Amino acid sequence: MRLHRFYVGAEQELGHYVWLKDERILYQWQKVLRYRAGQQVVLFDGVIHDRLYTITEIKQDAAHLELITDFERKLPAKNVYLLWALLKKDKNDWVLQKCTELGVRRFVPVLAERSEKTGFNLERAQKIVIEAAEQCGRSDIPKVREPVLLPAAVHQYAKDIPLFMCEQEHLGKKKQPNFADVGIVIGPEGGWTDNEKQLFLSAELPRISLGDFTLRAETAAVTASSKLLV
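Here the sequence shown stands for residues 48 to 277, numbered as in the working numbering.
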């Protein structure tokens with residue numbers, strides 16, 4: 048039987064015995080999954096522990112659990128930063144979900160000249176990456192930040208990590224970047240403007256190819272992430 052995983056946050060102590068009062072998790076257990084005493088679940092804090100517990104008691108506002116064993120933590124092999132031009136809401140949701148499953152560590156929505164400018168909800172985004180991490184089995188939770196202007200994002204992250212601009216054109220057979228920490232920049236549906244291309248040139252961002260075909264922006268984000276992580 049498949050074990051369900053639940054993120055409890057670093058504030059929740061995961062000792063031998065746990066007294067859990069997380070409203071989100073309790074709602075799932077009681078109203079959605081119909082859990083009873085004796086059910087086994089995996090709790091993880093995103094920092095140290097992935098642990099298998101048995102629910103020994105469950106009430107309306109709390110549950111008591113007892114530790115069975117520890118699991119080996121599963122973490123992405125690289126620290127991939129995804130900077131993507133803000134899309135319409137459902138497309139952003141898809142990028143967050145699928146790229147969390149692939150192992151992206153940090154999400155940075157950027158405001159470009161041809162991108163969406165509004166509609167990004169940070170609380171909703173954080174909920175999406177938590178649920179995706181629970182489902183896919185990774186032991187950490189990606190960081191998501193508020194949207195930032197493209198020039199500010201490029202200047203900030205290009206100083207700290209190798210940052211690559213993803214191109215939807217054939218650039219020949221170039222090796223994909225192989226760094227422990229790496230960032231990728233994905234453009235909007237309408238492509239980059241001349242001013243933005245000049246920004247990338249000035250920042251000396253190298254380019255990586257996403258192949259010969261024209262991809263939707265959300266597909267490009269997933270494709271670029273998978274090239275680095277899978």
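We treat Cβ as the ideally placed atom computed from N, Cα and C, and that holds for glycine. All values derive from a computational prediction rather than experimental measurement.
Assignment of Pro-156 by DSSP, reduced to helix, strand and coil, places it in the strand class.
The beta carbons of Glu-163 and Leu-134 sit closer together than 8 Å. Residue environment: Thr-261 is assigned as exposed (fewer than 16 neighbouring CB atoms within 10 Å of its CB, all protein chains considered). Collapsing the DSSP output to three states places Gln-87 in a strand. Under the three-pair Cβ rule at 8 Å, the segment 89-104 counts as touching the segment 48-58. Contact check between the segment 116-135 and the segment 227-245: three or more CB pairs, one atom from each, fall below 8 Å, which counts as touching. Taking one beta carbon from each stretch, the segment 71-83 and the segment 113-128 have fewer than 3 pairs nearer than 8 Å; the two do not touch. The segment 168-177 makes no contact with the segment 202-212, as fewer than three CB pairs between them are under 8 Å. Exclusion of the five residues before and after Ala-268 leaves Leu-129, Trp-131, Val-142, Cys-146, Ile-233 as the residues of its chain whose Cβ lies within less than 7 Å of its Cβ.
In this structure, Ala-159 is the residue among Ala-159, Leu-252, Gly-230 with its C-alpha nearest to the C-alpha of Leu-196. In this structure Ala-124 is not in contact with Val-94, their Cβ atoms being roughly 18 Å apart against a cut-off of 8 Å. Looking at the DSSP output, Arg-98 sits in a beta bridge with Leu-90, Asp-117. The beta carbons of Ser-273 and Leu-149 sit closer together than 8 Å.
Arg-161 and Asp-241 have their C-alpha atoms spaced approximately 11 Å apart.
Buried is the label assigned to Val-229, since at least 16 other Cβ atoms lie within 10 Å of its Cβ. When secondary structure is reduced to three states using DSSP, Asn-139 falls in the helix class.
The alpha-carbon separation between Arg-49 and Gly-184 amounts to approximately 12 Å.
Nearest Cα to Lys-78 within the set Pro-194, Leu-61, Ile-105, His-96: Ile-105. Close CB contacts of Thr-103 within its chain, under the 7 Å cut and outside five residues either way in sequence, are with Ala-84, His-111, Leu-112, Glu-113 (chain order).
Straight across, the Cα-Cα distance linking Lys-68 with His-96 is about 18 Å. Collapsing the DSSP output to three states places His-202 in a helix. Here His-202 has Ala-250 as same chain residues with Cβ atoms under 8 Å from its own Cβ, once five neighbours each way along the sequence are excluded.
For Val-151, the number of other beta carbons within 10 angstroms of its own is at least 16, and it is reported as buried.
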